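Trainee: The listed protein sequences derive, respectively, from chains A and B.
Number 50 in my numbering belongs to position 52 of the first sequence; there are no gaps in the numbering.
Number 44 in my numbering belongs to position 46 of the second sequence; there are no gaps in the numbering.
All residues carry an ideal CB built from backbone N, CA and C; glycine is no exception.
Everything numeric in this text was worked out from a predicted model, so none of it was measured.
There are 2 protein chains.
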Amino acid sequence: MPSTTFFNLPAAKREKLLRAARAEFGRTAYADVPVSRIIQAAGIPRGSFYMYFADKQDLFAYLLEDFGRQLEERISRLLDGRRGDLFAAFLDLYDEMARERERGEVQELMDIFRCNRQLSPGVFVRQEGKDSRMERLAGRIDQSLLDLRRAEDLENLFHLLVTVTAGALMAAGCSGDPAGARRRLVQMFHILERGAASRAAAPASG
Amino acid sequence: MPSTTFFNLPAAKREKLLRAARAEFGRTAYADVPVSRIIQAAGIPRGSFYMYFADKQDLFAYLLEDFGRQLEERISRLLDGRRGDLFAAFLDLYDEMARERERGEVQELMDIFRCNRQLSPGVFVRQEGKDSRMERLAGRIDQSLLDLRRAEDLENLFHLLVTVTAGALMAAGCSGDPAGARRRLVQMFHILERGAASRAAAPASG
DNA sequence: TAAGATACACGACAGATTGTCATATGGGGG
DNA sequence: CCCCCATATGACAATCTGTCGTGTATCTTA
């Protein structure tokens, strides 16, 4: 976690540093971004960087957390707009981000995805115990639209949706075929909605 | 990709290097494993390492590819044992690997998972175009057990299963609660089999 | 206002890491 | 016996990391 000093920084300076970091991580893979380049881009001395963050990893983790928070807000808003329909909200999320991507707005996030493909989308779910985030969203989800049999099912489903949606966004960013990525995402949603087991067959996993 | 020189190496030396690398990546996160430590553990000089691999990333990517191949073989075998039941085979895969993990056999792989949590399980699917791997397995899958509506659905489902199963293995390795991880995996499979949408509700993503 | 304390800014530096390269070695072919 | 090619090896320059001693600004207290 960044130091309090970092949070006490004037917003402009703080944002400049974060923006520089996002830009650099979006240009090359994490391992190939030296701290030196970030601080050069941000125009701060080396000592200051290590005053704000324990190390590069600390900064990167904070960036991801930040995206996670953004994501929660978006989903929250989209859920409200869809009267709690979880699947519809996630498809909206994809469309919204894909659109912004084309306009270059969330370009940074997409670039980071592209440059760090080995990153698990799960990092967004896994952060900060994941429970608090889930709890806050659960109230906005219309569960009558869902067929949830166990207490954990909502959490499981949410995890799947995040993974699949983030995967589609990555694919859109990497392959340069946004239409194809969206088509695949919708197919994935169909599987998640209706299930992939033939109705006649008995479930194998008991 | 490793150089031909690497593949021409006497098997013992090659294996020793790979084993050393796996052990080191299982001890600390990728970024924190200097090439120096690997070559020291493997007992080869620095120059040789760079004769075999372009860099650390090249080695790591090869290790993952290798695991991917192992995985394909396992799934192939387990599918045959389950008469093509995809879900059953994947649950077998989980059980087999979890069991071996407890006996310390695939420990290295699990350790690498634990130490590199940000790794996407998708790396296994995404490797080498993914298509060839899928094609080879498709013939062993009994599709009458599945409700596949589109040509790509098998591929999509497979992707989901790999992601979810690998995620469970990671969770088992990280949390130290293998029983819980298995329970969650089974729940995930139920969602994938039966779907999460209430039967009454109309699907939102059309 | 002076003195002292506190927080932050800065960049030089020691230690470690990376990838390269000149040189050494070894065996098969002429 | 010599040449050629593939491989082996570790010294080396360039680079990166995290730390630390030294400035500077602001706030406290008298």
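1) If you measure beta-carbon to beta-carbon, which residues of the region 137 to 154 of chain A are closer than 8 Å to chain B?
2) Identify whether B/A194 lies in helix, strand or coil by the three-state DSSP scheme.
3) Expressed to the nearest angstrom, what Euclidean distance is found between the alpha-carbon atoms of B/G204 and A/I37?
4) Give me whichever residues DSSP pairs with A/L144 in a beta bridge.
5) Smallest Cα separation from B/G174: which of B/F111, B/Q141, B/F23?
6) Using 8 Å as the limit for Cβ to Cβ distance, is A/S1 near chain B?
7) Name the residue from B/L152, B/G82, B/M(-1) whose alpha carbon lies nearest to the alpha carbon of B/F51.
8) Straight-line CA distance for B/M168 to B/R182?
9) Hey, which unbroken runs of the beta strand (DSSP E) at 3 residues or more fall wholly within the region 2 to 39 of chain A?
10) Checking the sheet assignment: what are the DSSP bridge partners for B/L117?
11) Within 10 angstroms of the Cβ of B/F88, are there 16 or more other Cβ atoms? Answer buried if so, exposed if not.
12) Which residues, in order along the region 101 to 135 of chain B, keep a beta-carbon less than 9 Å from a beta-carbon of chain A?
13) Can you give me the start and stop residues for the alpha helix (DSSP H) that A/G45 sits inside?
14) Could you check whether the Cβ of A/G165 sits closer than 8 Å to any Cβ belonging to chain B?
15) What are the start and end residues of the alpha helix (DSSP H) that includes B/D64?
16) Using a C-beta cutoff of 8 Å, does A/S74 count as contacting chain B?
17) If you measure beta-carbon to beta-carbon, which residues of the region 24 to 37 of chain A are closer than 9 Å to chain B?
18) Does A/G82 get closer than 8 Å to chain B when you measure Cβ to Cβ?
19) For a quick check, are the C-beta atoms of A/V160 and A/F122 less than 8 Å apart?
20) Taking only beta-carbon atoms, is B/G193 less than 8 Å away from chain A?
21) B/D175 by DSSP, collapsed to three states: which one?
22) At which residues does the alpha helix (DSSP H) containing A/M132 begin and terminate?
23) Tell me, to the nearest whole angstrom, how far the beta carbon of B/I139 is from that of A/L190; I am working on the premise that it is less than 8 Å.
24) For B/Q68 and chain A, any beta-carbon pair shorter than 8 Å?
25) Taking C-alpha atoms, which residue in B/D83, B/D93, B/Q55 lies nearest to B/F23?
26) With 16 as the cutoff for other CB atoms within 10 Å, does B/N114 come out buried or exposed?
27) For B/H157, which option in A/R81, A/R72, A/Q185, A/R148 has the closest C-alpha, if you only look at C-alpha atoms?
28) Which bits of chain B does A/L190 rub up against, with CB to CB less than 9 Å?
29) Within this structure, are the beta carbons of A/A40 and A/L61 separated by less than 8 Å?
Mentor: Taking the coordinates as given:
1) Residues of the region 137 to 154 of chain A with a C-beta less than 8 Å from any C-beta of chain B: S142, L143, L144, D145, L146, R147, R148, E150, D151, N154, listed in chain order.
2) Start at 1 with the first residue of the second sequence, and residue 194 of chain B comes out as number 196. Looking at B/A194 - three-state DSSP - the assignment turns out to be coil, as it is neither helix nor strand.
3) Within the second sequence, the letter at position 206 stands for residue 204 of chain B. Within the first sequence, the letter at position 39 stands for residue 37 of chain A. With a pLDDT of 43 at B/G204, under the threshold of 50, the modelled position of that residue is not reliable, and no figure is offered here.
4) For the purposes of this step, residue 144 of chain A is identified with residue 146 of the first sequence, where counting begins at 1. DSSP lists B/A195 as partners of A/L144.
5) Position 176 of the second sequence holds residue 174 of chain B. Ranking B/F111, B/Q141, B/F23 by Cα distance to B/G174 puts B/F111 first.
6) Here residue 1 of chain A refers to the residue found at position 3 when the first sequence is read from its first residue. False, the Cβ-Cβ gap to chain B never drops below 8 Å.
7) Taking the second sequence and counting its residues from 1, one reaches residue 51 of chain B at position 53. Taking only the C-alpha atoms, the option nearest B/F51 is B/M(-1).
8) For this step, residue 168 of chain B is matched to residue 170 along the second sequence. For this step, residue 182 of chain B is matched to residue 184 along the second sequence. Taking the straight line from one Cα to the other gives about 12 Å.
9) Counting only runs that start and end inside the region 2 to 39 of chain A, there is no beta strand (DSSP E) element of at least 3 residues.
10) Translated into positions along the second sequence, residue 117 of chain B becomes position 119. Per DSSP, A/L117.
11) Counting from 1 along the second sequence, the entry for residue 88 of chain B is found at position 90. With 16 or more other Cβ atoms inside 10 Å of its own Cβ, B/F88 counts as buried.
12) Listed in sequence order: N114, R115, Q116, L117, S118, P119, G120, V121, R124.
13) Numbered from 1 along the first sequence, position 47 holds the residue referred to as residue 45 of chain A. In the DSSP annotation of this structure, the continuous segment of the alpha helix (DSSP H) that includes A/G45 starts and ends at 44 to 50.
14) Counted from its first residue, the first sequence places residue 165 of chain A at position 167. Yes, A/G165 lies at the interface with chain B (some Cβ there is under 8 Å from its Cβ).
15) Locating residue 64 of chain B in the second sequence gives position 66, where the first residue counts as 1. Here the alpha helix (DSSP H) through B/D64 covers 54 to 79.
16) Position 76 of the first sequence holds residue 74 of chain A. No, A/S74 does not count as interfacial toward chain B.
17) Result list: A27, Y28, A29, D30.
18) Position 84 of the first sequence holds residue 82 of chain A. At least 8 Å separates the CB of A/G82 from every CB of chain B.
19) Against the first sequence, residue 160 of chain A aligns to sequence position 162. Against the first sequence, residue 122 of chain A aligns to sequence position 124. Less than 8 Å separates the beta-carbon of A/V160 from that of A/F122.
20) In the second sequence, the residue the question calls residue 193 of chain B occupies position 195. Flagged as an interface residue toward chain A: B/G193, by a C-beta distance shorter than 8 Å.
21) Taking the first residue of the second sequence as 1, we reach residue 175 of chain B at position 177. Assigned with DSSP and collapsed to three states, B/D175 falls in coil, not helix or strand.
22) Taking the first residue of the first sequence as position 1, residue 132 of chain A is located at position 134. Start and end: 129 to 136.
23) Here residue 139 of chain B refers to the residue found at position 141 when the second sequence is read from its first residue. Here residue 190 of chain A refers to the residue found at position 192 when the first sequence is read from its first residue. Rounded, the Cβ-Cβ distance is 20 Å, inconsistent with contact.
24) Looking up residue 68 of chain B in the second sequence gives position 70. No - not a single Cβ of chain A is within 8 Å of the one on B/Q68.
25) Here residue 23 of chain B is taken as the residue at index 25 of the second sequence, counted from 1. A check of alpha carbon separations from B/F23 across B/D83, B/D93, B/Q55 identifies B/Q55 as the nearest.
26) Locating residue 114 of chain B in the second sequence gives position 116, where the first residue counts as 1. Buried, because 16 or more other Cβ atoms sit within 10 Å of the Cβ of B/N114.
27) Taking the first residue of the second sequence as 1, we reach residue 157 of chain B at position 159. Ranking A/R81, A/R72, A/Q185, A/R148 by Cα distance to B/H157 puts A/Q185 first.
28) The residue you call residue 190 of chain A lines up with position 192 of the first sequence. Chain-ordered, the chain B residues with CB closer than 9 Å to the CB of A/L190 read L158, I189, L190, G193, A194, A195.
29) If you number the first sequence from 1, residue 40 of chain A lands on position 42. If you number the first sequence from 1, residue 61 of chain A lands on position 63. Not a contact, by the Cβ cut-off of 8 Å.
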